[in-house]
Each structure stands twice: as C-alpha cells, then as structure tokens.
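Report on the following structure.
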Amino acid sequence: MNEEKIGRRNFLKTAVISASTVGAASLAVAQTRSGTKTDSRIAMLPHKELGSTGAKVPILMLGASQRLDPVYDKIMHRCFKEGVTAIDTALSYGWGSSHKAVNNFIKQIGDRKKLWITSKSGSSSPRGLASDLDEALEELGTDYLDLYFMHGINDEDMLDKDYLVLGDKLRKSGKTRFFGFSCHDGNVAELMNKAAKVGGIDAILFRYNFRRYGDLELNRAIDACKNAGIGLIAMKTYGSVPENIQKVVQFTSQNFSIDQAKLKSVWADDRIDSIVSEMDSLRVVRENIAAAKSEEKLSANEFHQLNQLAALTSSYACNGCSQYCESVLQNKVAIADPLRFLMYYECYGKEERARELFHNIPIETRQFNRSELARASAVCPQGINIASRLSKAYEALT
Ligand code: SF4
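Given below as structure tokens:
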C-alpha cells in the first residue's frame, strides 16, 4: 500500500518510520562517550540530557529483561536501527542470559560506543555491588557501563555514605560513567527525596505512568530530584491491568493507540528524561518508536480518557505502595510483590518469570488471613480488594 494513503492514525500506530521519514529536527546528532557523532545510518530518536550528567540519551530505551535471542536478536537490531541505542539490562535479567545476548549484540554492531548500556545488581553491600559490576562487565564484554544501578532498592540506608563513596569510586575507576538506583517499592518518594539531599546519585529508574499524576508526594520527590540534577527514567509506563478490565474505556484517538498514548503521557512530563520499555515483539517496537518520533502531542481528550481509565481500573492496578497495606498487619505479609508478579502474569504473558519471582518471596510472608486483609484493603489508595487479588496471585503463581 502507498504510504501516503495510510491515514495518519494508522501510520503512527503501525509504521516503522525509516530514516527518510524522520523530520530534520530529530536527525540532530547526539554525542557519544568519546565525543564522536553517532552513526548517520542510525535513524535518530529525540534525545534528552539525563539530569545534569551532560549525557544525552534517547527518550526510549529497550528494557532487556525478557529472554533475548543469544544468536541474533531481531528486536535489539531493529531498535538499534531505529535509534533506540540504549539498553537497560541487569545481571538477573532473562534468567541470567541477558548480558550474554547483549555481549553478542555489541559484537554484531561492531562498536560499543554506539550504545548506552545500563546494568544493575541486586546486591545490598558495597562489596557485592563492586564485584557484581566486574561480573557484569565480563558478561557484557565491555570495559565500562554507561549507568550502574543498585537494583530494586527499598532501604534508605543504601543511600548512606558507604554506598555513595562506592559510586564515586566506581565512576573514578571508569567502570561506570554514572551511578544510581532503581526502585519498585512504595517508599520511592522517600528514597528520591533522600537522593536529592545527599547527592552522589546520577539517575533513578522508577515506576511512573498515567496513574501517578495526582500523587502529590511523588510529584514533590520528582521535583526535588529534578532540582538536584538527578536523571529520571520511567518504567512500568503502561500501568497495565488485564485486557478485559482495560476495555472499560474504549480509548479513541486519531493519532495514537492506547499504549502509545500512555507513553506520550509520560514524555509530556518534562521532568522525565527517558522511558525504559520492555519491547517483546516487533509490533511493540514499531508502535513505541513511532510514538517516540511523533511530534504530535496528546490532546486534552486523550489525557481525559487516560484519567478515566486510571479512575475506573485503579482497583486492579497496584502501585507498590506497601507502606500502607503491609504496615497495618500484625504479621509480615507480602502484598505488593505478589500483586506485581500477578500483573506480569495477567498483563504481560510472562507466566514463567512471574512464577519464578513469586517463589523467591520468603515463605513466611506468604501466609495470610483473608479477614485480616480487610484492614489492608481499607487503607489501600487504589481501593484494591487485597484478599481477592492475593488469592488470585496464589492460584496463578503456585
Ligand atoms: S495493594 Fe494497595 S496499598 Fe498495597 S501496595 Fe498495592 S496499591 Fe499500595
């Protein structure tokens, strides 16, 4: 079909935009680590400076937690060709195989400097973080990371002196250009506020999507980080709920699919520098890249529909704010984690991964009493029927 005959709506929703269709503005080149220009054959995505690091990153990064093809990963290659030159990986991703697949990919493109590579370690000690960085470099076949995260932290002590000194040491060693943390937990605002105060954190990866815009505490923490020059990268931007639940709002738009609109709503927030998106099919790659390259803004009506969706489906969307629900129970019961893994199962089709993660939850925190959980539901800002959703998680994941 002649591309000119494809309506703008369909074009944005499905087209792979080639270099020739990208506007002149988005062809501006970004500087790489060495100061050389990026390969002109790579179609450019809009870039932003990551906090005040001075480094420019594409506004869309590839999340590499899925199982990648260790021989030739077509998703990584397609992303790269379209300008998604940043990969977010971790020692634990892809059942430990992600680094090796990225290693092979680096060899295939032939120049490490064309990529931005983030990796993470779940170690909770400075010594473990340092040795895990060495292991990550070895597995990735590179002598430096662009960004190294303490993975999924929830303990404010991990922003104390020992860790900040480590970050400084790792930066000075050249093993990583930048240092920061990721967080899935409910105390992300506290961690962000502390990071803004103590310094030494270059970037933070955190859960942020259309469901969080009214969250005053989180907004203040985002402001504090922005003012402190900390780079902010959003993840879990789809705010997913099961598909049949999402259908409560029949999203209509001339320009965007609902998933594209969710991404655009995060990019509309100037404080956010980039989005990590796990793109597990070429269709998703095409849609996300088209949205990233589109200069079209979300309309008030599209925002309104997302707000409606957030309101009508909140009782299926756990925000991870475990400080509310878990703290009112007498015994420690894991709530936020099983509900997150249930989302992986119900919304992303990651059944194996969800079960594996669920089984890592300490057994003693997997016992619950339904009537006691009514107290937890009463304080849940999302209005989740926790007993019912936890039962569903146990049924699906055990
Ligand atoms: S169940 Fe509710 S209170 Fe608990 S973490 Fe999820 S959203 Fe927060």
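Residues 16 to 413 (my numbering) make up the sequence shown, in order.
Even glycine gets a Cβ: it sits at the ideal position worked out from N, Cα and C.
Quick test of the definition: if touching needs 3 or more C-beta pairs under 8 angstroms, does the stretch 340 to 347 touch the stretch 312 to 328?
no
For I350 and S80, I'd like the C-alpha separation in whole angstroms.
23 angstroms
Give me the residue from L174, R235, E366 with the minimum Cα distance to A204.
R235
Endpoints, the alpha helix (DSSP H) within which L179 is located
176 to 188
Please determine if the stretch 99 to 106 and the stretch 125 to 145 are in contact, where contact requires at least 3 C-beta pairs separated by less than 8 angstroms.
yes
Residue burial classification, K190 (beta-carbon count within 10 angstroms, cutoff 16):
buried
Can you give me the start and stop residues for the beta strand (DSSP E) that K135 sits inside?
131 to 136
So is V86 buried or exposed if we call it buried at 16+ other beta carbons inside 10 Å?
exposed
For H199, the nearest candidate out of F164, L231, S188 (CA to CA)
F164
Compare the Cα-Cα distances from C395 to each of K365, R368, R370, Y331 and report the closest residue.
Y331
Quickly, what does DSSP pair H62 with across the bridge? List them, please.
P73
Check the DSSP bridge columns for Y163 and list the partner residues they point to.
S134, F194
Whose C-alpha, out of T68, G78, H62, is nearest the C-alpha of D295?
G78
So is the beta-carbon of S272 under 8 angstroms away from any non-hydrogen atom of the ligand SF4?
no
Could you have a look at V348 and say whether DSSP puts it in helix, strand or coil?
coil
Going by CA-CA distance only, name the one from K122, C94, E154, R93 that's closest to S112.
E154
Contact belief for L233 with D288 at Cβ below 8 angstroms, rounded distance in angstroms:
About 16 angstroms; that fails the 8 angstroms criterion.
Compute the Euclidean distance between the alpha carbons of I216 and R286, then round it to the nearest angstrom.
16 angstroms
Any alpha helix (DSSP H) of 4 or more consecutive residues that is wholly inside the stretch 273 to 321
273 to 282, 297 to 308
Contacts around K279, its chain only, beta-carbon distance under 7 angstroms, and the 5 residues preceding and following it disregarded:
F271, A306, L313
Work out the CA separation of I401 and S309 for me, nearest whole Å.
39 angstroms
Quick one: grab the DSSP three-state call for D103.
strand
Cβ neighbours of G398 in the same chain (closer than 7 angstroms, five flanking residues each side left out)
S329, S330
Look at the Cβ atom of S255, then the Cβ atom of M358, and state whether they are nearer than 9 angstroms.
yes
Provide the residue span of the beta strand (DSSP E) that contains F221, from first to last.
218 to 222
Sub-9 angstroms separation of L321 and I90 beta-carbons
no
According to DSSP, M250 sits in a beta bridge with which residue or residues?
R222
Give the single residue among V117, Y108, K129 whose Cα lies nearest to the Cα of E97.
K129
K407 versus R226 - alpha carbon distance
22 angstroms
Between G167 and S197, which are expected to be in contact by the criterion C-beta below 8 angstroms, what is the C-beta distance as a whole number of angstroms?
6 angstroms
Run the CB neighbour count on A283, radius 10 Å, all protein chains shown included, and call it buried at 16 or more, exposed below.
exposed
Going by C-alpha to C-alpha distance, which of Q338, E410, E379 sits closest to E366?
E410
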